Structure formats: structure tokens, C-alpha cells
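Numbering (our numbering), first residue to last: 7 to 402. Remarks on the structure that follows.
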Ligand SMILES: [Zn+2]
């Protein structure tokens, strides 16, 4: 829950009681007198605030912190940087901050529609040790992400990402099949026809909505690389790493663009399960990965009338589980859903389609049409709010 501790004009000092974190709503209107008045008031608030918590650094408009990244505490949404005088600053980033964990390096992005403060470590700079606190929602220019022939990326303009990490069939050249069964959650079986299902959902959505969702789908077979795992558990051969990076940086990039342009977005990670072949199984870590929307709209987001699950039910699909207290395990939301869902990325849901919904082309085509209908309803209810920010030209 967010409570407001102090307020002046459009500036608010607020606390997230759940995370125990304080943050500041900064308004960036270019009105000198107002701005000065605000600055004065802000200083007073800050003194009061510093008495309460001495560790917070608050970002002003266009303020730039340069230094070495010392640590990132995702749980507490804090980063620590050190300047050349060995002084360390802890920067508490806001609750709606998007924090994205990159490959070896950490990419931090806060694009908060309300706070209007962005923190990023510009990953296009080779030495990723610069933290810029920007006063607007603009993307870093010329941000590039690596691509791979084994990862399909279709750039979208809607706040929807369809991801399918387990539907590929191709080998990765020079990479043997994985065989280390002691790897946590080791699995090498592919999710049959989910590449086709995900691509067809994307096509159907384009027909139903006035725009394009993002599609990020693996062409590589899971036996060589599992993109739905942390890097250390995803692969056994160095050559697979570039493909892993391509998948995840495309996801991160899509999230970056979406959070720049929309108040919120939805990531759907498409999978196949064979435990209950006639069921669509949801994974949201009990609503947590959809938490940004659940905070605003309640459990309806997961099972209410415009939820994906409810539309599936209306279209005669059995869904699992039912109710807020039911366990979602063992498909409760894997690495992608957890990493890129709330609070670190967008709102995210894992959809595990039973085999009966993807057994052949005729069947997955119908499933894709119905899934697109469910996403359309969800989109119209929850995802249409745009922000006034356009991304710079990047990998188009
Ligand atoms: Zn899967």
C-alpha cells in the first residue's frame, strides 16, 4: 500500500508500506517560480525525510550520478554506486521501477509514469558503470540489442509481448545437447507447437487490435538451451550464450519500449504442459507477477470478467487453478515470468496449454484465435493508457 507522507503541489513524498520504501514523486514542469518554490519545499521535506532515513538519494531533474555500480538489491529496490572519491550513494528506486537483470551486467531501468524519474545504466556503453538519472522518460539513444537467427523477434507497437521459449526445433551450431541432469529444473523436452501457437496468436492479435504485439520466440530446441532458466542453469556450452543473450535482451528491450510508451503492459509466456491435457494452466506466482494491475484492480485481473482465464472459460476452455488461494504449481511462473513480471518488468502471466489445444495445425489455429480474443478483452480493459513518449530509433 502506498501512503503519502508529505505533499507540496505535485510533489509527494510517499511510502510503500509493503516494501518499506520511501520515494518521491517529482513533477517536471518547466515553470521557474513553481520549480523554485517546489525546490525550497522539497529541501524541507528532504531534511525531515533524512532524519527518518539517511540512506536515500533522491533524483532531481537531469541529475547525473556517475560512478561504479557496487551492488543491486532487487528485493529492496536499491542500488549502490560509488564515485571517484570513494563515496557511496544508495539510490532507492521507486516501487513502480522496472529493474531488469541483464546478462553479466546489470541493466537498471526505471521508467515510472507517475514518478517521472528514470534510472538507467546505459548498456550501449561498453563499460557499464555509469548511472544516469534522467528527468524524463526518453530512452537512451541508439540502444542496440544483439540478435540471433535462432530467435524470432517481431517488433511491436502494442503493450503486449508474446514470448515462447520452448517451441523451437533447431539445433544451435557447434553446441551439443545438454545432458547434465543435476542442473536445477533440468528439462530438455520441447513444448510441441508452441512456436506456431505463439506466432499465430500474434497474427490474430494484429487482426483484432489496431497494432502489433511483440513476438519473441525461440527457434532453437530446448535440448540445447533453455531460455526460461537463469543463465547459469540455461546452458552447458559457451556458444549457446549469445543465443540466450539475444532472447533476453530482446525481452528487455521490448519492456523498455513499452514502459516508455504505455502506463503498463502485459507479457505472456506461452508454454505447453502435458499434466492436464485439456486445461489451460495459469502461472502468476499467485497473482504476484500481475501485481502492478492487481494493486489497481484487484484479483479481477487474474480471474474477473475481463481476465484471460474468464474469457477462456467463456470460450469453453477449462482453466487451472481456480481461485486466489489455489496452488499454481508446478507451472506457477518460471524464470521469464518471474524476472520480467511485476515488480521488475511488466505484468506477466505464464500460459501452459494442454496438448489438446496444440496437437495439430487446425487445433492450434483455433486456440490462437481464442487466445487472441482473450488478450483483446484484457487489453481493452487494462492496457490502453498511453504516455507521451516516443522511443528513439533502435533495431527497427
Ligand atoms: Zn515450457
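Virtual Cβ for every residue (Gly too), placed ideally from N, Cα, C. These numbers were taken from a predicted model, which means no experiment stands behind them.
When only Cα atoms are considered, residue 156 and residue 339 end up about 24 Å apart. Using a cutoff of 7 Å, the CB of residue 172 counts as near ligand 1, since one of the ligand's heavy atoms is closer than that. Just so you know, the alpha carbons of residue 276 and residue 379 end up roughly 15 Å apart. Per the DSSP secondary-structure output, residue 158 pairs in a beta bridge with 223. The three-state secondary structure of residue 338, taken from DSSP, is coil.
Taking C-beta separations shorter than 8 Å and ignoring five residues to either side along the sequence, the partners of residue 319 in its chain run 325, following chain order. In the DSSP annotation of this structure, the continuous segment of the alpha helix (DSSP H) that includes residue 383 starts and ends at 367–388.
Contact check for residue 219 and residue 389: beta-carbon distance about 10 Å, past the 8 Å limit, so the pair fails to qualify.
Look at residue 297 here: in three-state DSSP terms it is helix. Within 7 Å of the C-beta of residue 278 there is at least one heavy atom belonging to ligand 1.
The closest CA to that of residue 302, considering only 270, 191, 315, is found on 270. By DSSP's assignment, residue 277 forms a beta bridge with 358.
DSSP places residue 272 in the strand class (E or B) of the three-state scheme. If you ignore the 5 residues before and after residue 217, its C-beta comes within less than 8 Å of the C-beta of 162, 163, 164, all in its own chain and listed in chain order. At least one heavy atom of ligand 1 sits closer than 7 Å to the Cβ of residue 197. DSSP, reduced to helix, strand and coil, places residue 265 within a helical segment of the structure shown.
For residue 239, the shortest C-beta to heavy atom distance toward ligand 1 is 7 Å or greater. The count of Cβ pairs closer than 8 Å, one atom from the region 165–179 and one from the region 229–236, reaches three, so the stretches are in contact.
Taking 7 Å as the cut-off, one finds at least one heavy atom of ligand 1 near enough to the beta carbon of residue 234.
Around the CB of residue 330, fewer than 16 other CB atoms lie within 10 Å, so the residue is classed as exposed. Within the same chain, 168, 219, 221 come within 6 Å of residue 208 by CB-CB distance, once the 5 residues on both sides are set aside. Only residues of its own chain outside the window of five on either side were considered, and among them 267, 268, 269 have a CB closer than 8 Å to the CB of residue 392, listed in chain order. Nearest to residue 332 by C-alpha distance, out of 290, 369, 235, is 290. Counting along the chain, no alpha helix (DSSP H) covers residue 332, and no H or E run does either. Counting of Cβ neighbours within 10 angstroms places residue 376 among the buried residues, the total reaching 16 or more. Taking the C-beta atoms as reference points, residue 345 is found no nearer than 8 Å to residue 252. Under a 10 Å Cβ-count criterion, residue 205 is classified as buried, with 16 or more other Cβ atoms of the shown protein chains found around its own Cβ. Take residue 250, set aside five residues on each side of it, and the residues of its chain with a beta-carbon closer than 7 Å to its own are 231, 233, 237, 240, 241, in chain order. Note that the C-beta distance between residue 211 and residue 359 is not below 8 Å. One Cα belongs to residue 196, the other to residue 260, and the distance between them is close to 24 Å. At a cut-off of 4 residues, the continuous stretches assigned as alpha helix (DSSP H) that sit fully inside the region 235–266 are 237–240. If you draw a straight line from the Cα of residue 363 to the Cα of residue 181, it is about 32 Å long. In this structure, residue 352 keeps its C-beta atom at 8 Å or more from the C-beta atom of residue 282.
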